[in-house]
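What follows is a short report on a single structure.
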Amino acid sequence: MTDDVFFAPITELNARLKKREFSAVELVKAFGERLEKLGPKYNALALPLTKIAQKRAKDVDGDLKRERFRGPLQGIPFGAKDLLSFAGHPTTWGAKPYADQVFDTTATVLDKLDDTGSLLIGKLSMVELAGGGGYRTAAASLTGPGLNPWDVTRWSGGSSSGPGSAVAAGLVPFALGSETSGSIITPAAYCGVTGLRPTYGLVSRHGAMALSWTLDKIGPLCRTAEDCGLVLAAIAGGDSDDPGSAGKSFYYSPQFVRPLNELKIGFAPVDREWADPAIQPALDAAMATLKDIGMQMVEMQLPDYPWGALISTIIGAESASIFEELITSGQVDQLADPSQAEGLKSKLGITATQYLKAMRIRSLVQRSFREVFENIDLIVAPARYEVTPKIDEPLDDDGPDRPHPARPGMTNLIPASNIAGLPGISFPCGFASGLPVGLQLVAPPFRENNLLAVAAEFQKRTDWHKRRPPALT
Amino acid sequence: MKLTRRELVVVAASAAAASTLAQTPPSQPQGERDFAREARDNVQRNGELLAKFGIPMAVEPAFQFKA
């Protein structure tokens, strides 16, 4: 198979399967071999599952032969972040203390994808425990630092590092990641792929590692916005096994979104000053494209809350409870990043009143965003304000000294939108020094179709999402 | 969770209490960063930031978290 296959969107692969240009078995074999050969070079592969997928692919080929079409994901290989359980196989959560952990159940999202005929060919690497303790090095992972296909001396982002690298490098057509606060948006931006964080409760978390019960979301990383819509439609839906489930379904129907020139999109002009000068031209061009689409640009500021303290307290209190045994047993010291281990220990010191205060403020945050979305339909901001750092660069390094603007703009959009449970998407909007730059959109709850429609229109007008990283041999 | 370098500076993680673990910090070779102390300080700072945030008594926590 050629690179055209490895970098093709889902719809194209499915069409070619139906035309019998290749079989599902052949497709799984080709992607599986590529994932097993190149995945370790990016530290992206946690567990190969190609042999199991090949057996399953024979059934899919039988269905295709009999024209039993089950939808656009039928016969499409994919990878899943290694925090999703797959019965009978190791699920390490990217962390040494859980290296031998095996569950006897499979995550709901993987069962749902199996029902569509898509084929799990590998578990993908991640930052240990999804970075819940706060990590300061890219190497905070059982599989080593996630390496970026655009420059392997740089980080793929976290905590869904493997899904970001694997999609960008054409090792899988799509992958499932998870986000508590930034873990889909960040690797999508750094790796130059399209990543969708669904509304809290839209996708079942059953079978996924819990980091924060009130913040965790599962979502896709793909080549295009359209692919994200197709995958989300397959994995969304109510689940009685997930106490946070909203009980809602999702139908990918961008055709029913209001005309894009009727949509108002909020932005903070000061974001340009916050951004690294190297990425400013890409951001300028991206904003110009949104204007060309006809979107009504509205200046705004994010509501003013202590975002960092809120997100750290909520994740900290919930993760300390979840990992209490790991922490008190001392096994937490087996984590690769000592700052993460110490971070988790310290979270045991968060008091009940502090957690409750954060959750009470969160009620106000939700109210504030409801007010924000009375006047606008979407918020736009840089997904990250700089390109990805070098893998040996401390992640708590404040970067080059530059004067910071007085107003924060949207610099807290990732924690803010996660605290409010809002959906978001990051898609490539340009390059700086050969590295991808991502643009982020955020919408009101359950308005994923708005995000996808705008991102898809952007991708009709640009080709950043079609660029391919340099080939590794 | 991923915090930017900028956010990590802003984010003071929170609060209180020297837990049992905090009472017996591991010895730290000179010149190396004391991650335990930094983490506890962050928890402390976050608690202080939240404490300063005024909130009406009637506001309940977002436990029934529906987006």
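The listed protein sequences derive, respectively, from chains U and D.
Be aware that the first sequence starts at 1, since it is given in our numbering, and climbs by one per residue.
Be aware that the second sequence starts at 1001, since it is given in our numbering, and climbs by one per residue.
Glycine included, each C-beta is placed from N, C-alpha and C at the ideal position.
As the structure is a prediction and not an experimental result, all values here were calculated from the model.
**Study point:** Option in U/P243, U/L263 and U/R272 with minimal Cα separation from U/K291
**Key:** U/L263
Check your understanding: Roughly how many angstroms lie between the CA atoms of U/L452 and U/G229, to the nearest whole one?
Key -> 7 Å
Practice item. Give a yes or no on contact between the region 341-351 of chain U and the region 322-333 of chain U, applying the rule of three or more CB pairs nearer than 8 Å. Key: yes
Review point. Which residues share a DSSP beta bridge with U/S426?
Key: U/G195 and U/Q440
**Study point:** Interface positions of the region 349-361 of chain U facing chain D (Cβ-Cβ less than 8 Å), listed along the chain
**Key:** G349, I350, T351, Q354, L356, K357, A358, M359, R360 and I361
Check your understanding: Is U/L481 buried or exposed, if buried means 16 or more other CB atoms sit within 10 Å of its CB?
Key -> A question about residue 481 of chain U goes unanswered here, because the residues of chain U that appear run from 1 up to 473.
Review point. Name the chain D residues that come within less than 7 Å of U/E342, Cβ to Cβ?
Key: F1035, A1036 and A1039
Point to revise | Neighbour flag for D/G1047 against chain U, beta carbons, 8 Å | key: yes
Check your understanding: Taking contact to mean at least 3 C-beta pairs separated by less than 8 Å, is the region 307-325 of chain U in contact with the region 206-224 of chain U?
Key -> yes
Point to revise | Among U/V270, U/L171 and U/I121, the one whose alpha carbon lies nearest that of U/L110 | key: U/I121
Check your understanding: What are the residues that DSSP puts in a beta bridge with U/W474?
Key -> Within the shown structure, residues of chain U are numbered from 1 to 473, placing residue 474 of chain U beyond reach of any answer.
Exercise for review: Taking 8 Å as the cut-off, decide whether the C-beta atoms of U/R384 and U/G438 are in contact.
Suggested key: yes
Practice item. Starting from U/K29, trace the alpha helix (DSSP H) both ways and give me its first and last residue. Key: A24 to L38
**Study point:** Cβ-heavy atom distance, U/H206 to the ligand GTP, below 7 Å
**Key:** Ligands displayed in this structure: none; no statement on the ligand GTP is therefore possible.
Point to revise | Cβ of U/R439 within 8 Å of any chain D Cβ | key: Reading off the sequence shown, one finds Leu at residue 439 of chain U, where the question assumed Arg. So no, U/L439 is outside the interface.
Practice item. Just tell me which of U/K55, U/L119 and U/Y190 has its CA closest to the CA of U/F174. Key: U/L119
Check your understanding: Alpha carbon to alpha carbon, how far is U/P97 from U/P145?
Key -> 18 Å
Exercise for review: Find the residues of chain D that neighbour U/L364, judging by a C-beta separation of less than 8 Å, and give them in chain order.
Suggested key: I1055 and V1059
Review point. Out of curiosity, what's the CA-to-CA distance linking U/F69 and U/L17?
Key: 11 Å
**Study point:** Meets three-Cβ-pair contact criterion under 8 Å: the region 44-62 of chain U and the region 100-109 of chain U
**Key:** no
Practice item. Count the C-beta pairs between the region 84-91 of chain U and the region 155-175 of chain U that are closer than 8 Å, then say yes if the count reaches three, no if not. Key: no
Check your understanding: What is the DSSP secondary structure of U/Q296, counted as helix, strand or coil?
Key -> strand
Practice item. Report the residue from U/R205, U/D241, U/G238 and U/I279 whose alpha carbon sits nearest the alpha carbon of U/G430. Key: U/I279
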